[in-house]
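Contents: one structure, followed by commentary.
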Amino acid sequence: MAGYRSVALTIPTAILNEYSKTLTQCFVKVGLETVSRIDLTCSNRYELLKLLRRFRNQYDLVSVKCTNQNVAAIACRDRRVDIVFFDPNNRNMKFTHTLAKLLNGALELNLSFLLNRESGDVLNKAMRHMAVAREHRVKVVLSSGCTSPKMVRSPMQIRAVGVTLGLSEAQSAEAISSVPSSIIESNLQRRSPLYIEEGVRLIGRNGLK
Amino acid sequence: MSKRYFMVRVIFDKQLTEQNLIEAMATSITKHFGEVGIASINLRLIRYDPEKAEAVVVCEKATTDQLLTALTFIREIDGAPISLLVVRISGTIKSLSKPKK
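If you're matching them up, the sequences are chains W and V in order.
So the mapping is simple: the numbering used here equals the position in the first sequence, first residue as 1, plus 546.
So the mapping is simple: the numbering used here equals the position in the second sequence, first residue as 1, plus 466.
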């Protein structure tokens with residue numbers, strides 16, 4: 547289990563219902579909580595808004611891969627987006643100060659991009675992203691992004707990578723623990739039948755709890 | 467100087483020797499932190515059990531995060547994928563093998 551308590555599963559939309567239950571059971575058996583996650587990759591803002599309307603209510607976590615400046619600006623501003631992430635291998639896209647000011651959710655640093663990097667420039671770019679995030683006090687999420695068991699690293703290793711890339715020790719520890727758990731918790735609350743709107747929640751109604 | 471002992475779980479499909487393991491660690495440290503980094507980390511392999519696939523390594527306390535990062539970035543040895551999972555860090559070897567409270 548490598549020291550984790552919960553796992554966010556990125557499930558393709560086509561197999562959401564059939565396959566996800568089997569997949570979830572595998573993690574539940576070893577004592578891990580699971581949350582469903584979707585990674586949206588769009589080429590323009592219209593596509594992103596359309597996908598957000600369609601999938602926001604179906605998943606616990608919605609993340610957007612920022613592939614160009616337009617998509618990044620919309621993703622950072624939109625409150626339905628929980629996490630934005632940038633591929634450090636993509637030379638044309640970076641997390642700027644403007645985007646940091648717009649960001650409502652959290653910035654994700656995916657360890658898989660760093661593990662599969664092609665050049666040392668990728669680490670440099672990740673360091674610059676972390677410097678911007680630190681300057682603007684943006685919430686950061688550190689994740690493994692693993693697709694195979696060989697890519698799994700323990701939380702303390704991921705925290706150490708955050709520290710090496712320029713986050714403070716406290717910020718790095720929060721990025722692997724309290725920040726993701728608070729996002730998940732607020733989204734689960736939002737998806738509950740007792741949720742009315744932000745700040746308004748049904749306390750009880752005819753035995754409904 | 468204070469030390470930190472790491473319990474490392476090795477996830478690797480092939481047979482791995484002590485020599486290969488320490489070489490991979492040293493190469494990763496040199497690649498990411500340079501010669502000065504490897505000197506300050508002062509890495510030593512205390513023991514490696516191929517049957518349990520567990521190793522114990524030691525470094526200087528101040529360089530704990532550097533060693534953790536270097537171990538994180540090791541992803542293959544001789545072209546085969548590997549994962550070095552740090553399962554526990556301790557100040558003494560004795561407490562490393564104690565069960566968690």
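We put the CB at the ideal spot given by N, CA and C, even for glycine.
Nothing here was measured: the structure is a model prediction, and the numbers come from that model.
If you check the beta carbons only, do residue i and residue j fall under 9 Å apart?
i        : j        : result
V:Tyr514 : V:Leu533 : no
V:Ile477 : W:Lys696 : yes
V:Ile548 : V:Arg541 : yes
V:Asp531 : W:Val610 : no
W:Asn656 : W:Ser689 : yes
W:Val686 : W:Leu653 : yes
W:Val608 : W:Arg599 : no
W:Asp624 : W:Asn590 : no
V:Ala519 : V:Arg475 : yes
Count the other C-beta atoms from every protein chain shown that fall within 10 angstroms of the C-beta of residue i, then say buried if there are 16 or more, exposed otherwise.
i        : result
W:Cys572 : exposed
V:Gly545 : exposed
V:Gly557 : exposed
W:Leu586 : buried
W:Leu740 : exposed
W:Pro558 : exposed
V:Met467 : exposed
Put residue i into one of helix, strand or coil per three-state DSSP.
i        : result
V:Asp531 : helix
W:Asn636 : coil
W:Cys612 : coil
W:Val684 : coil
V:Cys525 : strand
V:Met467 : coil
W:Tyr550 : coil
W:Ala646 : helix
W:Phe641 : coil
Under 9 Å between C-beta atoms, does residue i make it to chain V?
i        : result
W:Gln703 : yes
W:Lys696 : yes
W:Thr693 : no
W:Ser665 : no
W:Ala716 : no
Would you please verify whether the beta carbon of residue i is less than 9 Å from any beta carbon of chain W?
i        : result
V:Arg541 : yes
V:Asp531 : yes
V:Met549 : Per the sequence shown, residue 549 of chain V should be read as Ser rather than Met. Chain W contact via Cβ: present.
V:Leu534 : yes
Since residue i contacts residue j with CB under 8 Å, what's their CB separation in whole angstroms?
i        : j        : result
W:Asn684 : W:Ala646 : A small correction: the amino acid at residue 684 of chain W is Val; Asn does not occupy that position in the sequence shown. Correct: roughly 5 Å between the Cβ atoms.
W:Ser552 : W:Ser566 : Not confirmed; about 15 Å, so no contact.
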